[in-house]
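In my numbering, the protein residues as written are 1 to 764.
Structure first, then comments.
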């Protein structure tokens, strides 16, 4: 693995932190996007595909859930990583029976995640039978029969686990949860369990709805935008364009993060002339380099200052909230010494942020997984909500709470019922609409599912999309749990790690991608998705499918349902497969806010789901019917001497568990992923050198006697200007360091952002 300076003329940024002379000129991100597209798709297919990406008559990006602008859209309404996602899906590379015949499963299991993903699109259903050495072709009918036999042979429906990726469309998700509940279980873990579950839990308590309360138009109206624990440049690149426009409209932007993230410090927009020349736009007016896990302390301290200055929207607090007195009493007694330790920030920076919040009449608070994957994540997000309530920043233009979600339809899947504990109102509506009994006992979330597989309480695992093994914590435990299963099934477009860590019998069911035409009995179909700001819109693929043996996700769910539930089941599965409008008619009658679904989703920009706090300052979803202030005990993460606090993160050439390449030009890494980023000051204290190889050993309290350890071997140290006492490494490589039982309070999200580690030197 080589390391070289990050490049300067990249599409979204230049990293100009402590040593600006180190950063050399490089390749614009647009060129990177086109080059990647041509490599995977060829020139003609690249042009045909990218012009349809995020357009009204095209397809939704299979990457992130950042919303498209309403009204006018740019000719190139996509980012570099979106183009990479499309190139990977629309690739001309193929993985067919001849590939599997040439590669025994033992060989595939030894390949890297990157290698597996680069082989191309899977062309037909494959089965790995018990004791076999190779996957081999299987007819669709036989595959569904095999699954049905296994499911119907279980002692209880709760012995099956049904996972969902956030790329699944609304139509497929609605039918999938209907199938699972018709089968008799609520075991519906999904990728949200591992990312924004903490946001949903905190916001449901605070505002009564577990979604953000802003629209894309609010960014152009804001006075102040606070971006906390988020790296838009890599994870939500199109957000940078929205921030640039907000900046030009007069907004101030504050970035709060342990790492100096390139996109927020210097943005070069490839979609206008200004982005192609000059030094770009400095987005962040202030950068608070906070210590990992210190955000709760920061916002408690900010609340303390706002109260002491009487910078409180009294009309809003008195008219629309409860719990204020208890909250105010709690934060007035904040321990500033603990704040100093938790945040690592100068007191003057904390006061500056509070003053900016006091002066702003329209503030948006954005965050992502830097906040959601700690033990105290839910209290942390409550504290951000507390500050928003203090200032009356809910239900007014240019203001609100904005959890920025990752996967393209992760929010829509939850709206459609993909959750192990959907509310009674939804379950009753489902039962009434279809005339079926719906189980009420809560099912397994992701962590509980792994425990059940580990302990023998689950026998069958079925996943629509995703890469479960690579996405989840405690890698050795998860892999061992998967291998104990009788059957594993993955609905996928491409190879990934989960296909080679399998049950006694394993199936791969290849499906259409978002870019591909979906032709059913009644004609060409479209699907719908919901973005991070509750906008529901169409997505219609235009490319010819990668193989004539592929089925859509909707078709797979419908045919499996007929095999499992039998031809007499009251749900019209066969009709749903023929005509997706019939699915949307049922969604309209079951899912709140989806009235007239078929008519409204055909409007040019779709429609926005209702959000009572945002739309009318109504908080009917809380216990009291008002927005709720909360008093939260402060958590301060303390690390023993000689240890660091490590977070997992993505490289710039990665989206979720998909590895597009082995470079991270934002951070100066070339051709390698087993790296750990450490402050030069910490390297001096630990007697380590830039470029040295170490093992990462995590240490976790093991009540009542000591600690347990987990090891990830051979990482290269990279000196990087992160916060003192903090470190970072990529996932999934570092997932092995997180114990299965270390989860966020309330939400159950794995604590991948607060890992106590020591770095053990190894021989080069």
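Just so you know, even glycine gets a beta-carbon here, dropped at the ideal spot from N, CA and C.
Please read these numbers as outputs of a predicted model, since none were measured by experiment.
- Residue pairing from DSSP places residue 716 in a beta bridge opposite 675, 693.
- The three-state reading of DSSP puts residue 287 in strand, counting E and B together.
- CA-CA distance, residue 661 to residue 114, rounds to 7 Å.
- Per DSSP, residue 313 is not a residue of any beta strand (DSSP E), being assigned neither H nor E.
- Residue 182 sits away from residue 556, with the two beta carbons spaced by 7 Å or more.
- Taken atom to atom, the span from the alpha-carbon of residue 421 to that of residue 282 is near 43 Å.
- Contact annotation, residue 231 with residue 261: C-beta distance approximately 4 Å; criterion of less than 8 Å satisfied.
- In this structure, residue 536 and residue 509 do not form a Cβ contact; the two beta carbons are roughly 27 Å apart against a cut-off of 8 Å.
- Of the candidates 145, 551, 506, 448, 448 places its Cα closest to the Cα of residue 478.
- Each residue's CA atom was taken as its position, placing residue 744 and residue 373 some 7 Å apart.
- In the DSSP assignment, residue 562 falls within the alpha helix (DSSP H) that extends over 553 to 565.
- Excluding sequence positions up to five before and after residue 324, its CB lies within less than 6 Å of the CB of 317, 629, all in the same chain and listed in chain order.
- In this chain, the beta strand (DSSP E) harbouring residue 530 covers 527 to 530.
- With a beta-carbon spacing of about 12 Å, residue 494 and residue 167 fall beyond the 8 Å limit used to define contacts.
- Within the region 573 to 654, the alpha helix (DSSP H) runs of at least 4 residues that lie entirely inside it are, in chain order, 573 to 578, 580 to 590, 597 to 601, 612 to 616.
- Counting only the Cα atoms, residue 445 lies some 7 Å from residue 188.
- By the Cβ-count criterion, residue 685 is exposed, with fewer than 16 other Cβ atoms from all chains shown falling within 10 Å of its own Cβ.
- In this structure, the straight-line span from the alpha carbon of residue 569 to that of residue 432 is close to 15 Å.
- Just measuring C-alpha positions, the residue of 408, 106, 388, 409 sitting nearest residue 399 is 388.
- For the pair residue 589 and residue 424, the Cα-to-Cα distance works out to about 15 Å.
- Assigned with DSSP and collapsed to three states, residue 121 falls in strand.
- Around the beta carbon of residue 234, 16 or more other beta carbons lie within 10 angstroms, which makes this residue buried.
- For residue 730 and residue 434, the gap between their C-alpha atoms comes out near 45 Å.
- Within the region 339 to 383, the complete beta strand (DSSP E) runs of at least 3 residues fall at 363 to 367.
- In the displayed model, residue 84 falls within a helix according to three-state DSSP.
- Taking each of 532, 539, 474 in turn and checking the Cα distance to residue 514, the smallest one comes out for 539.
- It is roughly 11 Å from the alpha-carbon of residue 663 to the alpha-carbon of residue 674.
- Listed in chain order, the non-local C-beta contacts of residue 522 below 6 Å within the same chain comprise 578, 579, local neighbours out to five positions each way being set aside.
- When DSSP reads this structure, residue 508 sits in a beta bridge with 126, 490.
- In this structure, the CA atom of residue 300 is about 40 Å from the CA atom of residue 481.
- Under the three-state reduction of DSSP output, residue 741 falls in the coil class, being neither helix nor strand.
- Closest by C-alpha distance to residue 695, out of 184, 709, 762, is 762.
- Straight-line measurement puts the Cα of residue 693 at about 6 Å from the Cα of residue 714.
- Separation of the CB atoms of residue 145 and residue 563 is rounded to 6 Å, and the pair is thereby assigned contact status at 8 Å.
- By the Cβ test, the region 454 to 461 is not in contact with the region 710 to 725, since fewer than three Cβ pairs between them sit closer than 8 Å.
- One thing to note: residue 575 has its Cβ no nearer than 7 Å to the Cβ of residue 565.
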